[in-house]
Structure formats: structure tokens, C-alpha cells
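Visitor: The structure under discussion is supplied below as C-alpha cells; questions concerning it will follow.
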Amino acid sequence: MKIMKCWTIIFCAFYSQFVVAQLKTTEIKGVVTSRENIPLEGVSISIGGIKVSSDKYGAYKISGQFQQEAELTANRIGYLPYKTSVKIIAPNQLLNIQLNPKEHTIEQVQVTGLTKAQEVNRQAYNVTAIDATKLHNASMDVGQVLNRITGVKLRESGGMGSQMTLYVNGYSGNQLKMFLDGLPIDNYGSTFQLNNIAINYVSQVEVYKGVVPVWLGGDALGGAVNLVKNINKGDFLDVSYSYGSFNTHRATVNMGHINKNGFTVELNAYQNYSDNNYKVFVDLVPDPSSGVTVPGYATRFHDTYKNKMLNFNIGVSNKKWADQFLVGVNLGDNYADIQTGNRMEEVFGARFRDGNIIQPTLSFRKNNLGVEGLDVNLKGSFNFGKERSVDTVYRRFFWSGESIPRGKKDWEPGGERTKELYEYRNNNGNLAATVKYTLSENQILNFNNTFTTANRKGENKLQPDNDFYKQPKFTQKNITGLGYGAKLGDHWNFNVFGKYYYQYVKAYTVYNNVYSSNDHKRSLFGYGVANSYDFSERSQIKLSFEKTYRVPELNELFGDVINLEANPDLKPESSYNLNLGFNKHFLINDKNEIYVNTGAVYRYAKDFIRFVLSSVQFDGTIRQTAQNQRDISNLGFDTELKYVYDKKLSITGAVTYQNLRNRTKYETSSTDISIFYKDRIPNIPYLFGNADVSYFLENVFTKGGRLSATYNLQYVHDYFLRWPSAGSSNKDVIPQQISHDFNITYSFASGKYNIGIDGRNLADALLYDNYMLQKPSRNFSVKLRYNIK
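Throughout, the working numbering is defined as the position within the sequence shown, counted from one, plus 314.
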């Protein structure tokens, strides 16, 4: 018996050592994506009894001692369970996981997992996310996509590359902040604008209406747009080219590679060109010889636009010290003829503007940095690019394209408007740091600090002694935000945050032609809260509130040297924003579904900044200037209704109403009530909507061939250019706008080969966004696309 016990002890000791010898210490990491290569957050991954969850980038990491062959599982609601056998052969192993959506029947209705865009829409904030990959076969830019979102209106002064302004629930321009992967793009210059960014450049478009989350830094007054770049995990190639009316060309290239050792390279590029020579109807088409003017059609003859943009990144992914570290550069240039001023009566035939971007970039991302649950994301860029405004031809042009010499007078500057060859550098940059710390499964702390600087240095080479162009134009701002989020029970999500704003402006004042420094320093504090309550997976209500500030931008303070005058005395604007939203998904039966998304907004802003037409200049031209309107209120709503039949037919209708009113009772120290008190704010659309019908067919012409057709209608109600109470029975009105567009696409070979045909403004209507500055007439385009993943 003693011998048996002795052998048993020896055997157990030997076996335990053998088992330990079979265990290997290793780290397994990778990225979890959907079938559409969209990163999935919150996936539960388990191996050897150790469990972790993927982050918002789909990344995960498991460290421990495992058998030489272990079973790894991945699970997420709405997706099929994933199971695989992993051979532990190295201390560091890469394993990317792809989950397929679960399709199951509940009351005879098919339900699939949420897409990335749907997950964003479920946030407590009033946000709308669009899956841009579904539009990659269309000849569209990002601005055209935004124009189809409820509560959003993009206004342009012409065709491709024209000056544009985005409106979200009544707020516009710089009151809305633009981001690319969470980094502000204020410093990208005219080369990178919403209406010249090819839709293939991004995979998702997110619009935050009102309250903006802390992780998006910056001083947004009434909302933000975040563009998520079209970056896939692993190897991919996406190439497209389109040609359309007015000699319009668009080309895009997106490609990337991640090696097994983590080496990463990415390239995103696009190019646009258009003559913009569409027809316009003008009241005065003068004959240069006789001087007789008659209403009639004319063709834009000096409106060429072209731009190029390239983004290149190189670095590493999936390392111990960094989930991703990339250094890169944005390179690009643009050229735009200037056809008109702020009115169609101002016709130019030689003025132009151009610019370029030379912008080094840096990004670093590491989850669980030193501490489990501590995620850090750093992004930075600096633009060394130049901008130029040129007005050197001393002639007067007419809509016929002909011109005559201008009569020389002492007060005339010697150009079409100002005799200008102004070159300036927008030496501006930004640096954003975002830290997320997961306190527990249901509690998160978010911190963001965004620093931006802008320093315009320029000279008018035709007027080298003119001190106006040499004055300092310098701003710096730093926005710090701290937020706390918690999930209370199974239904309630709660978020609260605070923001600190700091700005320094180096400006100037002039008196008797003597310039003196007029510096400003400002410190402000804002706060907010966002809540959502999920009645079920298909029903949700949202409520959010904030007190926010927005400090003036460089162009508002110092002008754009083309059509916008300087106003260095602008004050920061502030706003109380209240949003209420509700969404519901009705599953009628196995083929019929209805989606309802509705929201109400209330805004009360002080020192509201808006652009107004300034007085007529000595040379007869009219410019714009930014000015503070003391008190503004907005009570409005937007509603979207969508019907889907058999996953093939989709019918959507949306309407937006925004009642912006002047609440400045006394314009001066006078006790007389302003005649404009309670007037609707002029030159801003207050009622607009859109509708679209889409139909999809599978296995057309060949197995896997997919044909889709979409019709879209855009409507904008007429509105006044100036104050309704300004008198005069003959008020200037931006007329009612109705446009009709269509898009047909066909793809086959699992989406590798694609063709799209687009038609816009099918009724050839006269369309205006800004006062009588006409947008393109009827036009068509065709697009070819090659895509492999």
C-alpha cells in the first residue's frame, strides 16, 4: 500500500509538470468584422477560460497560458456563434474574425444584426449615420449625401467646387464642426470641402444634431459631421471613374495592406474636374455694342473647377505598444474660376482662386494602455499649404462672354473688382487627444483635448505697400471636455459632460489709416447631458440638453479675400440646445416593415453669427460680412417615415421645419422695440423635405448580379432674402425649389464590377440655394467601379 501511494504521488507530480509543459504563454489579438468588413464592437471572445470584448474599432487582445491547441469562440447578439481551433505556436499570434449575421424568425419576421450605422444611431445623442458604402457606385460627393439626411440642408452657390454652407436644424457654417475620423478638419483648406470629397473616400457619414459627444472635440454650436474614412482591415483595392455633363470627371483610388508582421500602408486619393458650363437664366443679358439688356439664357463661361487630393499613411498595426501607429501626409491642390460675386449681376471673366495642401499627419491608437480598459487615441496634423486670390484683368465682362475695358477713374482699383494678387499661407494645425477609461461593464469616462492654431500670413503682390494685407491674422483655441456615461439597468443610457473653451485672437483696428493691435482672450465653460431609454430593441426615446459656445473662426474674423469682408470684433456665440427624439421599427409581417424617426429641437442662441450682404462698395460690388445677431430662437421638428417591402422596395419621406426667430427686442440702448423683433431670420430655409423610392433585384443577368434603381425628390419652400418687416412690397425672395434625381446601379461578381448611371435636375428647373445664384441645369453621368477585398 505504501508503495502504491508513493507511485501515485510520483505519477501526479510528473503529470502536473507534463501539463504545465504543454501550456504556452501567448498573446492573441486581431480584429472582429462583419461580413461587410465593418468593425464590430462588444463581441465576446473566449479562449482557455479567459474572456474579453472587442472595442469600437473591432480590436481585441487575449493574454494567458493556453494548451498547444485551444478552442476560441466569439459571440455577439444578432450574429452566428463563431468557433475555431487555435494552434499555439508563437508568443504573439494574429487572428482576425469575421461574423455572419444571424437570421432567425420571430413571429414570421426576419431579423438581422445591427449594422455599424444602426449602432451609431442607437446612441443617446440625436445622431443620424449613413452607410456610405451603399452609395459607392453613384457619382456623388459627400455634400450630396448630406443633403438627403432629415434636418440637413447643403446650400451651394453653383456647381462643382462652389462655395457651400451646411445647415443642420437652423445652424450653419462654422457653427457646425467637421471631423475626419474624430479629428477636426478646419485646417484642410479649400482643397478638402464637403462638396468636393468623393463619396468613395468615406465608409460612413455621421451627423450629430445639437448635442455633440465629448470624444468629438471642438466648439460646435449646433451639431457636427464626422466622416469615417474608407479604411478596411487587411488588403483591399477600390478604383472608380465617372464622366458626366459639363465635361465633369471624378476619379478615386482607395487601397491598403496590413502584413502579418503588422506593417501597414494606406492610400486614398481622388480627383475632380468640371467646366461647370451649364446654362443660367439672367434678368440682364447686355449687348456690349448697343448696351441693350434683355432677360434670357446664358452659359457660364468662366467657372472651371479642378482639385486633387492624396492621403498616404505608413506604419504598424497590432503591436504590443500600439494597436496602430501611422505617419502620413495629405497632398492636394485646387483651382476655381470665379464666375460671379454674391449676385448674378456681378459677372467675372478672369478672376480665380487656387490653393494647395501639404499636411503631415500622425495617429496613434492603443487600447488597454498599461491598465485594462484604458484606451488612448492621438491624432494631429499641420497644414503648410498656400491659398491665392487673383484679380488682375482691368475689364468688365458680360454674360455673353465678351468684355470691354473699364473706364479708368482715380478711385477704381485696376482689376475686375480689387486689383489683387493675394497669396497667403494658412499655417494651421490641430492636435486631438481622446482617452476612454472603462470603469466597469456599465460605466465609462471620456476625456478629450483639442488644440487648434491658425496663422494667416499673406501679401498682395500688386499692392506691396498696402498695410491692410500685412496685418496679423492669428487665432488659437483649446477645447477640453470630460464626460461620464453609464448604462442603468437594461434600458436607460445616461451621459453627462462639461467643456472648457479658450481662445486667443491677435487682430487689429484702424483709425486714420493707422493700425494698432487689438488682441482678445476668452475663457468659457459649457455643459450638457444626453439620455436614451430603450423600450425594446425596436423602440427608443432620446432626450439631450447642452449649454455650448462657439468662438469665431479665421474667415469670419478676417474675411476670405474674395466675397467675405473681415469683422475682427465678432464675439463668441452661445446656445442652449434641447433635443427630443423618438424612433420605432414596426414589424408588420415577414415582408412589410415601417421605420419612424422623429425629433423636436429647441435652440436659444446669444450673439448668433450670421452672414449678411454688406453695403455697396465704391466699385459697385456687394460683399458679405459676418455679424452678431444678439438673440435667436428656433423651435422646430423633423420627421422621417420609411416603408420596406420584402427587403426589395424602400419608400422614404422626410420633412423638416425650423422656425428661427429674432429675439433681440432692443437693437440699441433705445427703449423703442426693434421692428425686426420676432421676425423670421432671413436667408435661411425654414421648410424643406425629400422623398425617395428604391427598388432592388437580385441575380439579374447572372448569379449574384444586383440591380438597383432609386428616384429622389428634393423640396425647399420659398423664403425671404431680407427681414420680412423691412418694408417694400416687392421683397427679394429665394423661390420654391423642386428637383428630381435618379440613380441606377448594377454590380456582379460579388461586387467586384460595378456600373452606375445618375441623372440630376431631370425637370431642368432653375434651382437656387443662395440668392439667384443658380445651380446646375439637367445633367447626367456614368460611373465605373472595380472593388476587391
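Idealized CB from N, CA, C, for every residue including glycine. Owing to the predicted nature of the structure, the values given are computational and were not obtained by experimental measurement.
Return the chain-ordered list of same chain residues with a C-beta closer than 7 Å to the C-beta of Ser717, the five sequence neighbours on each side being excluded.
Guide: By 1-based counting over the sequence shown, the position of residue 717 is 403. Result list for Ser717: Gly663, Arg709, Arg710 and Phe711, in chain order.
Visitor: Which partner residues of Asp668 appear in the DSSP bridge assignment?
Guide: Taking the first residue of the sequence shown as 1, we reach residue 668 at position 354. According to DSSP, which records beta bridges pairwise, Asp668 is partnered with Tyr649 and Arg702.
Visitor: Hey, how far is the Cα of Gln1050 from the Cα of Ile998?
Guide: The residue labelled residue 1050 in the question sits at position 736 within the sequence shown. The residue labelled residue 998 in the question sits at position 684 within the sequence shown. Roughly 13 Å between the two C-alpha positions.
Visitor: Let me make sure I understand the geometry here. Which of Asn1075, Asn1057, Tyr1100 and Pro1090 has the alpha-carbon closest to that of Asn1068?
Guide: Within the sequence shown, residue 1068 is the residue found at index 754, counting from 1. Of Asn1075, Asn1057, Tyr1100 and Pro1090, the residue nearest in Cα terms is Tyr1100.
Visitor: Classify Leu460 as helix, strand or coil using the three-state DSSP reduction.
Guide: For the purposes of this step, residue 460 is taken as residue 146 along the sequence shown, with counting starting at 1. If DSSP states are grouped into helix, strand and coil, Leu460 belongs with the helices.
Visitor: Smallest Cα separation from Phe380: which of Ser889, Asp668 and Pro405?
Guide: Position 66 of the sequence shown, counted from the start, is the residue given in the question as residue 380. Minimum Cα distance to Phe380 is reached at Pro405.
Visitor: Among residues of its own chain, excluding the 5 on either side of Asp637, which ones have a beta-carbon nearer than 6 Å to its beta-carbon?
Guide: Translated into positions along the sequence shown, residue 637 becomes position 323. Answer for Asp637: Ala373, Arg679, Lys680 and Asn681, listed in chain order.
Visitor: Can you tell me whether Gly487 is helix, strand or coil according to DSSP?
Guide: For the purposes of this step, residue 487 is taken as the residue at position 173 of the sequence shown. Note: Gly487 maps to helix in three-state DSSP.
Visitor: Is the beta carbon of Tyr619 sitting closer than 9 Å to the one on Tyr649?
Guide: Numbered from its first residue, the sequence shown carries residue 619 at position 305. Numbered from its first residue, the sequence shown carries residue 649 at position 335. For Tyr619 and Tyr649, yes; Cβs fall inside 9 Å.
Visitor: Count the CB pairs spanning the segment 441–451 and the segment 843–855 that are closer than 8 Å, and state whether there are at least three.
Guide: No: fewer than three Cβ pairs fall under 8 Å.
Visitor: Sorted by chain position, which residues of the same chain lie with C-beta nearer than 7 Å to Asn906's C-beta, five sequence neighbours on each side aside?
Guide: For this step, residue 906 is matched to residue 592 along the sequence shown. The residues are Tyr959.
Visitor: With a threshold of 6 Å on Cβ separation, who are the neighbours of Ser1095 within its own chain once the five nearest residues in sequence on each side are excluded?
Guide: If you number the sequence shown from 1, residue 1095 lands on position 781. The answer, listed in chain order, is Ser453, Ser556, Gly558 and Asp1072.
Visitor: Asn591 lies in the alpha helix (DSSP H); which residues open and close that run?
Guide: Translated into positions along the sequence shown, residue 591 becomes position 277. Here Asn591 belongs to no alpha helix (DSSP H), and DSSP marks it neither H nor E.
Visitor: Which residue's Cα is closest to the Cα of Leu535: Asn891, Asn670 and Gln412?
Guide: Along the sequence shown, read from residue 1 onward, the residue named residue 535 stands at position 221. Looking at the Cα atoms, Asn891 is the closest of the given residues.
Visitor: Can you find the residues in the same chain that come closer than 6 Å, C-beta to C-beta, to Phe990, ignoring five residues on each side of it along the sequence?
Guide: Position 676 of the sequence shown holds residue 990. Excluding residues within five positions, the ones whose Cβ falls inside 6 Å are Asn976, Trp1037 and Ser1039.
Visitor: When burial is assigned at 16 or more other CB atoms within 10 Å of the CB, is Gly797 buried or exposed?
Guide: Numbered from its first residue, the sequence shown carries residue 797 at position 483. Classification for Gly797: buried.
Visitor: On the premise that Val542 lies in contact with Ser504, defined as a C-beta separation below 8 Å, what is that separation, rounded to the nearest angstrom?
Guide: The sequence position of residue 504 within the sequence shown is 190, counting from 1. The sequence position of residue 542 within the sequence shown is 228, counting from 1. With a Cβ gap of about 23 Å, Ser504 and Val542 do not count as contacting.
Visitor: Need the endpoints of the alpha helix (DSSP H) that Val528 sits in, please.
Guide: Locating residue 528 in the sequence shown gives position 214, counting from the first residue. No alpha helix (DSSP H) contains Val528, which DSSP labels as neither H nor E.
Visitor: Are the segment 627–637 and the segment 653–662 touching, with three or more C-beta to C-beta distances below 8 Å?
Guide: In short, these stretches do not touch, since the Cβ pair count stays below three.
Visitor: Might you give, ordered along the chain, the residues of its own chain that have their beta carbon closer than 6 Å to the beta carbon of Asp689, omitting 5 neighbours on each side?
Guide: Within the sequence shown, numbered from 1, the residue matching residue 689 stands at position 375. Counting only Cβ-Cβ distances below 6 Å, and skipping sequence neighbours, we find Asn681 and Lys750.
Visitor: Output needed for Lys693: all residues of its chain with C-beta closer than 6 Å, excluding positions within five of it in sequence on either side, in chain order.
Guide: The residue labelled residue 693 in the question sits at position 379 within the sequence shown. Contacts found: Leu497, Ser677 and Ala746.
Visitor: Going by the beta-carbon positions, is the gap between Phe595 and Gln1028 smaller than 9 Å?
Guide: Walking along the sequence shown from the start, residue 595 turns up at place 281. Walking along the sequence shown from the start, residue 1028 turns up at place 714. In this structure, Gln1028 does not lie closer than 9 Å to Phe595 by Cβ.
Visitor: Do you know how far the Cα of Ile758 is from the Cα of Val333?
Guide: As a first step, residue 333 must be located in the sequence shown, where it is residue number 19. As a first step, residue 758 must be located in the sequence shown, where it is residue number 444. Low per-residue confidence applies at Val333: pLDDT is 40, beneath 50, and the placement is therefore not dependable, though the value from the model is reported in the following sentence. Going from the Cα of Val333 to the Cα of Ile758 covers about 40 Å.
Visitor: Does DSSP put Lys448 in a helix, a strand or coil?
Guide: For the purposes of this step, residue 448 is taken as residue 134 along the sequence shown, with counting starting at 1. Correct three-state label for Lys448: helix.
Visitor: Return helix, strand or coil for Tyr1060, following the three-state DSSP convention.
Guide: Within the sequence shown, numbered from 1, the residue matching residue 1060 stands at position 746. Strand.
Visitor: Out of curiosity, what's the CA-to-CA distance linking Asp652 and Trp635?
Guide: On the sequence shown, residue 652 is found 338 positions in, with the first residue counted as 1. On the sequence shown, residue 635 is found 321 positions in, with the first residue counted as 1. Checking the displayed sequence, the identity of residue 652 turns out to be Ile instead of Asp. Looking at the two C-alpha atoms, the distance is approximately 50 Å.
Visitor: Taking the straight line between their C-alpha atoms, what separation do you get for Thr643 and Tyr502?
Guide: One-based indexing of the sequence shown puts residue 643 at position 329. One-based indexing of the sequence shown puts residue 502 at position 188. The question names Thr, but residue 643 is Val in the sequence shown. Those two C-alpha atoms are separated by around 12 Å.
Visitor: Quick check on this structure: which residue in Thr1024, Ala1005, Glu737 and Ala940 has the alpha carbon closest to the alpha carbon of Lys962?
Guide: Here the question's residue 962 lines up with position 648 in the sequence shown. Ranking the options by Cα distance to Lys962, first place goes to Thr1024.
Visitor: List the DSSP bridge partners of Met478.
Guide: The sequence position of residue 478 within the sequence shown is 164, counting from 1. Glu470, per the DSSP bridge assignment.
Visitor: Write down the C-beta distance between Thr939 and Glu879 rounded to the nearest angstrom, noting that I regard them as a contact closer than 8 Å.
Guide: Counting from one through the sequence shown, the residue named residue 939 turns up at place 625. Counting from one through the sequence shown, the residue named residue 879 turns up at place 565. Thr939 to Glu879, Cβ: 4 Å. Contact.
Visitor: Apart from the five residues just before and just after Ala768, which ones in its own chain have a Cβ nearer than 6 Å to its Cβ?
Guide: Position 454 of the sequence shown holds residue 768. These residues qualify, in order along the chain: Asn742, Thr789 and Leu868.
Visitor: Are Ser703 and Arg665 closer than 9 Å when you measure CB to CB?
Guide: On the sequence shown, residue 703 is found 389 positions in, with the first residue counted as 1. On the sequence shown, residue 665 is found 351 positions in, with the first residue counted as 1. Against a cut-off of 9 Å, the Cβ pair of Arg665 and Ser703 comes out as a contact.
Visitor: Determine the extent of the alpha helix (DSSP H) in which Val542 is found, giving its start and end residues.
Guide: The residue you call residue 542 lines up with position 228 of the sequence shown. Segment Gly537 to Lys543 is the beta strand (DSSP E) holding Val542; no alpha helix (DSSP H) there.
Visitor: Alpha carbons only, please: which of Tyr393, Leu776, Leu949 and Val969 is nearest the one belonging to Lys992?
Guide: As a first step, residue 992 is located in the sequence shown; it is residue number 678 there, counting from the start. For the residues Tyr393, Leu776, Leu949 and Val969, the minimum Cα distance to Lys992 belongs to Leu949.
Visitor: To the nearest angstrom, how far is the alpha carbon of Tyr1082 from that of Ile1048?
Guide: On the sequence shown, residue 1082 is found 768 positions in, with the first residue counted as 1. On the sequence shown, residue 1048 is found 734 positions in, with the first residue counted as 1. Approximately 7 Å between the Cα atoms of the pair.
Visitor: Considering Phe872, what are the terminal residues of the alpha helix (DSSP H) in which it resides?
Guide: Looking up residue 872 in the sequence shown gives position 558. It spans Leu868 to Phe872 - the alpha helix (DSSP H) in which Phe872 sits, taken as one unbroken run.
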